[in-house]
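Everything in the sequence shown is counted per my numbering, starting at -8 for the first residue and increasing by one.
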Amino acid sequence: MTSEIQTSEFQTSEIQTSEIQTSEIQTSEIQTSEIQTIVSVNLPADEKLNIKKHRLSSGEGRRISIVTGIHGDELEGQFVVYELSRRIAEHPEFLHGTVDLYPAVNTMGIDSITRGIPAFDLDMNRIFPGRYDGDMNEFLASQIIDNLKGSDLCIDIHASNIYLTEIPQIRINEITRDELLPLAILANVDFVWIHGASTVLESTLAYSLNHIGTKTLVVEMGVGMRITSEYGLQLTEGILNLMRVLGIWSGPVNEIRTPVISQAPDDVIFLNAPVSGIFMKSVRHGSHLKKGEKIGSIINPMKGSVLQEVLSPADGWLFTIREYPVVSEGSLMARILRENSKNDPRKG
Ligand SMILES: [Zn+2]
């Protein structure tokens, strides 16, 4: 099979839109708890691709949407969605609004633990807002946006890729700082990373939704293909806190941590491998480092030699560390937030 054939098959496959299928799974105290198919398309081999959400609703009030699985190899959000659903079902009396959970928007990606959309080699987070009259994937993207549009808040949960582990963090762009920062600091993450306007990616889900007025926060945490339950529980608490602030949740919420906030693009140092080899880290993720402190070594197993000691170029906080030991020249090994009293409230 060539990809050319696959593409043309998909383009000619009939796209079925709209009929929303619902199956009720629970009625007891929540007015609505149902799995809804938000969009369905035919696949070449007589199968269907369905993108679904779980709606939990008290029937009135505001709406929060939790999206995950845009990248099929990022699984951290699976546990968060499970845990939210479980917590709400346990205490439906605390729900005063609508919670829409989208565990797997890139369904085939999650099924096959593939980052992009399988068979298309396409990053789903580069095709938004999509097009109703576009090809299959553009059409799917347009229907996802349509479904999320109008939420009072949307949270798009990513894990890192398989190479890097991330401290729970929210990434926002300078251009949406005023709208999003007040919400981001309520989400119980450790870090809010404000990116410069020049790095904005207009084809992401978050950009597309923020652009049309649906506030969307992007969470990055953990590592690809794994679930870090500690981080999942932390973010669940943060989402419940946001729901409480929005008036959607009246249940108890544990104490929320105050995140470190990056103030300028220069605050973040990227450490790339100067040589190819095997990276052995020697500090814990989340450590506070002194300038010159050893982060790890790049070794050569063949010769039994150390190719390069990796040292911290500044005092700072190690919020990203390489999980995957093989490095090529240029591979990202770590990110460090420069330590200064302005951006770290915990340092007083
Ligand atoms: Zn991602």
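Positions of the beta carbon are idealized from the N, C-alpha and C atoms, including for glycine.
In this structure, ligand 1 has a non-hydrogen atom nearer than 8 Å to the beta-carbon of Glu211.
Sorting Thr227, Ala178 and Leu139 by C-alpha distance to the C-alpha of Asp91 places Leu139 at the top.
By a beta-carbon distance limit of 8 Å, Glu67 contacts Gly213. Their separation comes to about 4 Å. Annotation note: the region 299 to 338 contains the following uninterrupted beta strand (DSSP E) runs of length 3 or greater, listed N- to C-terminal: 307 to 313 and 323 to 329.
Burial state of Gly321 is exposed, judged by a 10 Å Cβ sphere holding fewer than 16 other Cβ atoms.
Within a 10 Å sphere around the beta-carbon of Val297 sit fewer than 16 other beta-carbons, which makes this residue exposed.
Of Asp169, Tyr154 and His149, the smallest CA-CA separation from Ile161 is found for His149. For Ala150, the uninterrupted beta strand (DSSP E) segment begins and ends at Leu144 to Ala150. If you keep only unbroken alpha helix (DSSP H) runs of at least 4 residues inside the region 118 to 175, you get 127 to 139 and 168 to 175. Closest option to Gly52, judged by alpha-carbon separation, among Arg235, Thr249, Ile286 and Phe182: Arg235.
Pairing Met271 with Asn291, the inter-Cα distance amounts to about 11 Å. Here Asn179 has Gln225, Leu226, Glu228, Gly229, Asn232, Ile247 and Arg248 as same chain residues with Cβ atoms under 7 Å from its own Cβ, once five neighbours each way along the sequence are excluded. Proximity of the region 34 to 42 to the region 73 to 81 falls short of the contact definition, fewer than three beta-carbon pairs being nearer than 8 Å. Exclusion of His186 from the 8 Å shell around ligand 1 follows from its C-beta lying no nearer than that to any non-hydrogen atom of the ligand. The alpha carbon of Glu25 has as its nearest neighbour, out of Val32, Asn41, Asn33 and His45, the alpha carbon of His45.
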